[in-house]
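Q:
There are 2 protein chains.
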Amino acid sequence: MSKKPKIAIAGVGNLGWNLATKLVNRGFSMEQLIAEKSSRRSKFAKRIDADLIEDVADLKSKVNLLFVCLPDDEIAPFASTVPNNEVAVVHCSGSTALLSDIPNPTGVFYPFQTFTKFFSVDWDGIPIFIESKDKALYKTLRKLGQELSMNVLEVTFEQRKAIHMAGVFGANFTNHLLYLCKKLLDEQKVPIEVLKPLLEETVRKAFDHGPAGAQTGPARRNDTNVIDRHTKALESSPDLAEFYRLFTNDIIKEYNS
Amino acid sequence: MSKKPKIAIAGVGNLGWNLATKLVNRGFSMEQLIAEKSSRRSKFAKRIDADLIEDVADLKSKVNLLFVCLPDDEIAPFASTVPNNEVAVVHCSGSTALLSDIPNPTGVFYPFQTFTKFFSVDWDGIPIFIESKDKALYKTLRKLGQELSMNVLEVTFEQRKAIHMAGVFGANFTNHLLYLCKKLLDEQKVPIEVLKPLLEETVRKAFDHGPAGAQTGPARRNDTNVIDRHTKALESSPDLAEFYRLFTNDIIKEYNS
């Protein structure tokens with residue numbers, strides 16, 4: 273593969289949009305985007321000087337690196353339609369195995385962050401997990417990753433699956449806890465913003481001291497008086513009560529038994 | 273009450289230590305600390321130019337503002353032993369009502385943050401929730417709070433209880449989610465640090481867009497393929513599986529029904 277790969281990206285969702293934007297900002301040439309046409313996508317393609325195509329059959333022959341930023345279940349079917357056996361096919365999923373059913377060199381390039389279309393993310397420090405059995409492609413992904421972040425790491429599929437699961441627990445479930453907090457506070461007309469300094473400090477502490485060392489609160493102290501009062505207060509909210517019970521019992525079990 | 277109150281603090285735990293440190297840094301005079309003697313506490317008292325006493329009976333008569341930074345269940349019993357009916361008795365608890373069984377002016381001063389002894393916290397922006405039926409004391413607490421943070425807010429006990437509960441969900445439970453993440457990652461020898469950028473971005477997004485707008489992940493998309501795969505992967509970890517099930521079902525219910 274040439275020093276500067278000729279890149280195409282399939283899928284312009286949250287990740288595809290952010291990856292294309294960042295690669296172009298870092299000086300890579302984006303040849304083609306593969307997605308259903310829309311005026312918004314055409315504008316985006318124009319802005320990053322890429323062609324927007326709907327069918328991977330129209331992939332330029334000079335493209336030698338194709339990122340697949342599609343939903344998990346569409347990755348393998350899409351890959352099997354790539355017309356050119358030389359182009360490296362690299363997916364960006366945390367929970368999909370390295371593609372092995374196609375003759376192309378294949379790889380994984382999994383940036384571990386939550387992306388939102390139209391909002392550029394700061395890539396510095398984002399871990400990018402890579403995998404490939406193809407030596408040249410591995411080197412290309414490593415080098416390309418280091419242009420985006422200083423935190424490129426090789427992991428196995430087993431590790432990547434655990435990381436993906438930790439992302440669900442750490443990000444999706446944490447966000448849902450904040451959703452439940454908002455419910456609690458809305459009822460009393462208290463703005464959710466009052467929680468922000470506490471959450472920032474909680475995250476900082478968990479990573480500075482480790483989550484076990486940073487745990488505080490009534491369950492950690494096994495403070496049955498406060499826990500009983502809380503349980504009573506949540507009687508009218510069975511949903512919240514179930515979360516309270518599960519967390520409290522698990523924390524007590526981990527720290528006090 | 274004079275312009276600069278003469279302050280004493282009962283309890284030198286995580287909060288008492290941080291409150292005393294911050295008040296002294298902001299130029300307030302700390303007359304006495306009330307706590308069991310230890311060489312560590314004596315050193316601390318000396319450093320902030322306060323006397324360390326064990327018995328509130330020895331409270332100086334010139335002290336006119338007494339912060340009670342004790343565990344919830346010790347607050348009322350302690351307050352009933354304060355020897356002087358003029359000193360304002362102010363507790364710092366999120367889940368304890370304004371004291372009403374003593375003749376003294378009483379108040380609440382609840383800084384909403386997680387504190388750790390020996391580590392000074394940045395107080396800027398920390399919400400401080402205050403309450404008092406005594407007009408002069410209310411003004412004093414408001415003014416004093418504004419010396420520590422620009423975010424002093426008057427709330428009712430009902431509101432304060434909801435805020436405290438949101439703190440348990442938002443901070444204690446979030447930290448426990450990170451503990452579970454560490455379990456998942458430890459098994460695969462992946463350092464927990466890889467999660468940090470994702471967590472910081474999750475918190476930022478939840479407060480910028482609101483947690484409902486920021487929710488992502490398989491449950492949000494009701495992606496049964498991924499959910500089934502995750503459920504299978506967690507079969508050998510019944511504890512984690514229970515958290516996964518509760519969060520996933522609740523997110524599906526909230527967003528997809």
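Chains as they are written, first to last, in my numbering: chain V, 273 to 529; chain D, 273 to 529.
In this text, a Cβ means the ideal position worked out from N, Cα and C, and glycines have one as well.
From a predicted model like this one, the values you see are computed outputs, not experimental measurements.
#1: Out of curiosity, what's the CA-to-CA distance linking V/Ser274 and V/Pro377?
#2: Restricting to runs no shorter than 3 residues, where is the beta strand (DSSP E) found entirely within the region 340 to 401 of chain V?
#3: Would the region 503 to 511 of chain V count as touching the region 473 to 492 of chain D if we require 3 or more Cβ pairs under 8 Å?
#4: Give the residues of chain V in contact with D/Gly439, contact being defined as C-beta atoms less than 9 Å apart.
#5: Tell whether a beta-carbon distance below 8 Å holds between D/Asn423 and D/Ile398.
#6: Looking at the C-beta of D/Pro510, does it have a partner C-beta in chain V at a distance below 8 Å?
#7: Using a Cβ-Cβ cut-off of less than 8 Å, list which residues of the region 376 to 390 of chain D approach chain V; keep chain order.
#8: Would D/Arg298 count as contacting chain V if we go by Cβ distances under 8 Å?
#9: Where D/Lys309 and D/Leu457 are concerned, what is the direct C-alpha to C-alpha distance, given to the nearest angstrom?
#10: Closer than 8 Å by beta-carbon distance: list the chain D residues that pair up with V/Lys477, in chain order.
#11: Using 8 Å as the limit for Cβ to Cβ distance, is D/Ile398 near chain V?
#12: Among V/Tyr516, V/Thr496, V/Cys364 and V/Ser421, which has the Cα closest to the Cα of V/Cys453?
#13: Which same chain residues end up closer than 6 Å to D/Asn494 when comparing Cβ atoms and leaving out the 5 residues on each side of it in sequence?
#14: Hey, could you find the ends of the beta strand (DSSP E) V/Val284 is sitting in?
#15: Quick check on D/Val328: does DSSP put it in helix, strand or coil?
#16: By Cβ distance, which residues of its chain are closer than 7 Å to D/His436, with the 5 residues on each side in sequence left out?
#17: Thinking just about the alpha-carbon of each residue, which of D/Leu342, D/Asp345, D/Asn336 and D/Cys364 is nearest to the one in D/Glu358?
#18: Would V/Val440 and D/Gly485 be called neighbours here (beta carbons separated by less than 8 Å)?
#19: Could you tell me which of V/Val361, V/Val340, V/Asp327 and V/Leu331 sits nearest to V/Leu409, measuring between CA atoms?
#20: Distance check for V/Ala329 and V/Thr353, CA to CA, integer angstroms please.
#21: Look at the Cβ atom of V/Val498, then the Cβ atom of D/Val427, and state whether they are nearer than 8 Å.
#22: Name the two residues that bound the continuous alpha helix (DSSP H) containing D/Asp435.
#23: Pop quiz: D/Gly282 and D/Leu338 are said to be a contact at Cβ under 8 Å. What is the actual Cβ separation, rounded to whole angstroms?
#24: To the nearest angstrom, how far is it from the Cα of D/Asn444 to the Cα of D/Ile400?
#25: Please look up how many angstroms separate the CB atoms of D/Ala434 and V/Gln304, rounded, as I've assumed it's under 8 Å.
#26: Please classify D/Asn297 as buried or exposed, where buried requires at least 16 other C-beta atoms within 10 Å of its C-beta.
#27: By the 10 Å Cβ neighbour count, where 16 or more other Cβ atoms means buried, how is V/Arg432 classified, buried or exposed?
#28: Quick check on the burial criterion: 16 or more other C-beta atoms within 10 angstroms. Buried or exposed for V/Lys278?
#29: Out of V/Cys341, V/Leu467 and V/Ile306, point me to the one whose CA is closest to V/Leu324's CA.
#30: Within the same chain, show all residues whose beta-carbon is closer than 7 Å to that of V/Gln418, passing over the 5 residues directly before and after it, in chain order.
#31: With 16 as the cutoff for other CB atoms within 10 Å, does V/Pro349 come out buried or exposed?
#32: Thinking C-alpha only, which one of V/Asp373, V/Val340 and V/Gly299 is nearest V/Val231?
#33: How many Å lie between D/Ala438 and D/Thr446 at the Cα?
#34: Out of D/Glu473, D/Phe384 and D/Lys415, point me to the one whose CA is closest to D/Asn290's CA.
#35: Helix, strand or coil: how does DSSP classify D/Ile279 here?
A: The relevant details are as follows:
#1: Position 2 of the first sequence, counted from the first residue, corresponds to residue 274 of chain V. Position 105 of the first sequence, counted from the first residue, corresponds to residue 377 of chain V. Its pLDDT being 46, under 50, V/Ser274 is placed unreliably in this model, and the coordinates cannot settle the point.
#2: 360 to 363 and 378 to 383
#3: no
#4: One-based indexing of the second sequence puts residue 439 of chain D at position 167. What D/Gly439 touches in chain V: Cys453, Leu467, Leu470 and Gly489.
#5: The residue labelled residue 423 of chain D in the question sits at position 151 within the second sequence. The residue labelled residue 398 of chain D in the question sits at position 126 within the second sequence. Their beta carbons are under 8 Å apart, which means D/Asn423 touches D/Ile398 by this criterion.
#6: Working through the second sequence from its first residue, we reach residue 510 of chain D at position 238. No, D/Pro510 does not count as interfacial toward chain V.
#7: Phe384, Gln385, Thr386 and Thr388
#8: Translated into the one-based positions of the second sequence, residue 298 of chain D becomes position 26. Chain V contact via Cβ: absent.
#9: By 1-based counting over the second sequence, the position of residue 309 of chain D is 37. By 1-based counting over the second sequence, the position of residue 457 of chain D is 185. Answer to the nearest angstrom: the Cα atoms are 43 Å apart.
#10: Within the first sequence, numbered from 1, the residue matching residue 477 of chain V stands at position 205. Chain D residues near V/Lys477: Thr386, Thr388 and Asn447.
#11: Working through the second sequence from its first residue, we reach residue 398 of chain D at position 126. Yes, contact with chain V.
#12: For the purposes of this step, residue 453 of chain V is identified with residue 181 of the first sequence, where counting begins at 1. When only C-alpha atoms are compared, the closest one is V/Tyr516.
#13: Counted from its first residue, the second sequence places residue 494 of chain D at position 222. Cβ neighbours of D/Asn494 beyond the five flanking positions: Ile524 and Asn528.
#14: Looking up residue 284 of chain V in the first sequence gives position 12. Counting along the chain, V/Val284 falls outside any beta strand (DSSP E), and DSSP gives it neither H nor E.
#15: As a working note, residue 328 of chain D is residue 56 in the second sequence. D/Val328: helix per DSSP, three-state reduction.
#16: In the second sequence, the residue the question calls residue 436 of chain D occupies position 164. For D/His436, where only same-chain residues beyond five positions count, the Cβ hits under 7 Å are Gly366 and Ser367.
#17: By one-based count along the second sequence, residue 358 of chain D stands at place 86. Answer by Cα proximity: D/Asn336.
#18: Within the first sequence, numbered from 1, the residue matching residue 440 of chain V stands at position 168. Within the second sequence, numbered from 1, the residue matching residue 485 of chain D stands at position 213. Not a contact, by the Cβ cut-off of 8 Å.
#19: Start at 1 with the first residue of the first sequence, and residue 409 of chain V comes out as number 137. The shortest C-alpha separation from V/Leu409 is found at V/Val361.
#20: Taking the first residue of the first sequence as position 1, residue 353 of chain V is located at position 81. Taking the first residue of the first sequence as position 1, residue 329 of chain V is located at position 57. Using only the alpha carbons, I get a separation of about 8 Å.
#21: Within the first sequence, numbered from 1, the residue matching residue 498 of chain V stands at position 226. Within the second sequence, numbered from 1, the residue matching residue 427 of chain D stands at position 155. Cβ atoms of V/Val498 and D/Val427: not closer than 8 Å.
#22: Working through the second sequence from its first residue, we reach residue 435 of chain D at position 163. Checking the sequence, you will find Ile at residue 435 of chain D rather than Asp. Start and end: Phe429 to Gly439.
#23: Along the second sequence, read from residue 1 onward, the residue named residue 282 of chain D stands at position 10. Along the second sequence, read from residue 1 onward, the residue named residue 338 of chain D stands at position 66. Just to set this straight, residue 282 of chain D is Ala in the shown sequence, not Gly. Between D/Leu338 and D/Ala282 the Cβ distance is about 7 Å, and since that is below 8 Å, they are a contact.
#24: By 1-based counting over the second sequence, the position of residue 444 of chain D is 172. By 1-based counting over the second sequence, the position of residue 400 of chain D is 128. When rounded, the distance between both Cα atoms is 19 Å.
#25: Start at 1 with the first residue of the second sequence, and residue 434 of chain D comes out as number 162. Start at 1 with the first residue of the first sequence, and residue 304 of chain V comes out as number 32. Contact doesn't hold; Cβ gap of about 52 Å is too wide.
#26: Taking the first residue of the second sequence as 1, we reach residue 297 of chain D at position 25. Classification for D/Asn297: exposed.
#27: Here residue 432 of chain V refers to the residue found at position 160 when the first sequence is read from its first residue. It counts as buried.
#28: Against the first sequence, residue 278 of chain V aligns to sequence position 6. With 16 or more other Cβ atoms within 10 Å, it is buried.
#29: Working through the first sequence from its first residue, we reach residue 324 of chain V at position 52. Ranking the options by Cα distance to V/Leu324, first place goes to V/Ile306.
#30: Mapped onto the first sequence, residue 418 of chain V falls at position 146. For V/Gln418, where only same-chain residues beyond five positions count, the Cβ hits under 7 Å are Val424.
#31: In the first sequence, the residue the question calls residue 349 of chain V occupies position 77. V/Pro349 is exposed by the Cβ-count criterion.
#32: Because residue 231 of chain V is not part of the residues shown, which for chain V are 273 to 529, the question remains open.
#33: Translated into the one-based positions of the second sequence, residue 438 of chain D becomes position 166. Translated into the one-based positions of the second sequence, residue 446 of chain D becomes position 174. In a straight line, the C-alpha of D/Ala438 is about 11 Å away from that of D/Thr446.
#34: Stepping through the second sequence from its first residue, residue 290 of chain D is reached at position 18. Among D/Glu473, D/Phe384 and D/Lys415, the Cα nearest to that of D/Asn290 is on D/Phe384.
#35: In the second sequence, residue 279 of chain D corresponds to position 7, counting from 1. Three-state DSSP puts D/Ile279 in a strand.
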